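Accompanying notes for the structure given below.
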Amino acid sequence: ICVTGSGGGWTTTVAPIPGDASVSQATYYLSQVESVACPSNGSCYALGLYSKGNDIAGALAYSGWGSSWSYKDLGTIGNVYNLSCSASRACVGSAIFYPATGEPQAKLITSTSGAFASVSLPLPSDASTDTGTIDSVACAADGGCVVAGQYATRSGDTAGFLDSETGGAWKSAMVPIPAAVRPNRIL
186 ICVTGSGGGW TTTVAPIPGD ASVSQATYYL SQVESVACPS NGSCYALGLY SKGNDIAGAL
246 AYSGWGSSWS YKDLGTIGNV YNLSCSASRA CVGSAIFYPA TGEPQAKLIT STSGAFASVS
306 LPLPSDASTD TGTIDSVACA ADGGCVVAGQ YATRSGDTAG FLDSETGGAW KSAMVPIPAA
366 VRPNRIL
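With the working numbering applied, the sequence shown covers 186 to 372.
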C-alpha cells in the first residue's frame with residue numbers, strides 16, 4: 186500500500202505488482218514496500234519486493250505519487266532497503282543478491298530520473314571477496330552519494346567501508362580506525 190499526501194489530503198493506493206506474483210508458504214506475502222524517498226513534493230520513489238513463489242523474491246523499483254504508481258522489475262534479489270534521493274531525482278539504494286552458487290552479494294540500486302538499475306558494489310582493494318553489506322546510503326546532490334557498510338578483508342577481519350559517488354563514478358575506501366583496535370571488534 187502506498188500512502189501519499191500532505192496536511193489533510195492523503196491518498197491510499199495499492200502498489201502495482203507483476204503478473205507472476207504469488208504467495209508462498211515461505212514468504213507469506215504477495216508484495217511489500219521496504220524503503221521510500223521523496224526528493225520533492227509530488228515525486229516519490231520506493232524499493233520493494235514481491236513473491237514469485239518457491240522462496241524466490243523479485244525486487245521492484247517504484248516511482249509515483251497519489252494514485253499513479255509504476256514499477257520496474259529489478260530481477261531476483263533477496264532483499265532491498267536503504268533508499269536515498271537527491272532533490273532532482275537521482276537515487277541510490279541497496280540490495281542483497283543471492284546467486285545460485287556462492288556467497289550473497291551486496292548491490293547498489295541506482296537511478297537517474299526514475300531509470301533504476303542494479304550495479305555491483307565497489308569494495309576496498311583488501312576485500313577478500315566481492316561480498317559486503319550496506320548499512321546506510323545518503324545522497325546530497327546528483328552524482329554526490331555515499332554508501333556505508335562492512336566487508337571481510339583478506340586477513341579475515343571485518344572492516345568498515347565508505348563508497349562515494351562523484352559524477353556517476355564510484356570509489357571505495359576502508360574506514361580508518363585507531364591502530365590499537367582490531368577491525369573485527371568495532372563492528
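C-beta: ideal position from N, C-alpha, C; glycine also. Values in this document were obtained by computation on a predicted structure and should not be read as measured data.
Neighbourhood of residue i by C-beta, 7 Å cutoff - its chain only, sequence neighbours within 5 removed
{"i": "Thr314", "result": "Glu288, Ala337"}
{"i": "Ile241", "result": "Thr261"}
{"i": "Val366", "result": "none"}
{"i": "Leu372", "result": "Any reading at Leu372 must be qualified, since the residue scores a pLDDT of 43, below 50, and its modelled position is unreliable; no value is offered."}
{"i": "Ser225", "result": "Ala272"}
Beta-carbon spacing of residue i, residue j below 8 Å
{"i": "Lys257", "j": "Ala246", "result": "yes"}
{"i": "Pro284", "j": "Ser357", "result": "no"}
{"i": "Ser271", "j": "Ala344", "result": "no"}
{"i": "Ser335", "j": "Asp320", "result": "Here the sequence assigns Gln to residue 335, which means Ser is not the residue at that position. Taking 8 Å as the Cβ cut-off, Gln335 and Asp320 qualify as a contacting pair."}
{"i": "Cys229", "j": "Val221", "result": "yes"}
{"i": "Ser305", "j": "Ala280", "result": "no"}
{"i": "Trp250", "j": "Ala200", "result": "no"}
{"i": "Lys292", "j": "Phe301", "result": "no"}
{"i": "Thr196", "j": "Ser252", "result": "yes"}
{"i": "Thr318", "j": "Gln290", "result": "no"}
Assumed close pair residue i, residue j - CB separation to whole angstroms, cut-off 8 Å
{"i": "Leu232", "j": "Gly278", "result": "5 Å"}
{"i": "Gly328", "j": "Gly353", "result": "6 Å"}
{"i": "Cys324", "j": "Ser269", "result": "5 Å"}
Where the beta strand (DSSP E) through residue i begins and ends
{"i": "Pro224", "result": "216 to 225"}
{"i": "Thr286", "result": "Here Thr286 belongs to no beta strand (DSSP E), and DSSP marks it neither H nor E."}
{"i": "Ala156", "result": "A question about residue 156 goes unanswered here, because the residues of the chain that appear run from 186 up to 372."}
{"i": "Asp342", "result": "Here Asp342 belongs to no beta strand (DSSP E), and DSSP marks it neither H nor E."}
{"i": "Asp258", "result": "253 to 261"}
{"i": "Ser357", "result": "354 to 359"}
{"i": "Ser305", "result": "300 to 305"}
{"i": "Ser207", "result": "Per DSSP, Ser207 belongs to no beta strand (DSSP E) and is neither H nor E."}
{"i": "Ser269", "result": "264 to 270"}
6 Å CB neighbourhood of residue i in its chain, flanking five on each side removed
{"i": "Asp348", "result": "Pro307, Val332, Trp355, Ser357"}
{"i": "Ser296", "result": "Cys276"}
Assigned secondary structure, residue i (DSSP; H/G/I helix, E/B strand, else coil)
{"i": "Ala364", "result": "coil"}
{"i": "Asp320", "result": "strand"}
{"i": "Leu232", "result": "strand"}
{"i": "Ser310", "result": "coil"}
{"i": "Ile241", "result": "coil"}
{"i": "Ala291", "result": "strand"}
{"i": "Gly377", "result": "Only positions 186 to 372 of the chain appear in this structure, which leaves residue 377 out of reach."}
{"i": "Gly329", "result": "strand"}
8 Å CB neighbourhood of residue i in its chain, flanking five on each side removed
{"i": "Arg370", "result": "Low confidence applies to Arg370: its pLDDT is 47, below 50, so where it sits in the model is not reliable, and the reading given next is rough at best. If we look at Arg370 and ignore the five residues flanking it on each side, it has no Cβ neighbours."}
{"i": "Ile202", "result": "Leu215, Ser216, Tyr235, Leu245, Tyr256"}
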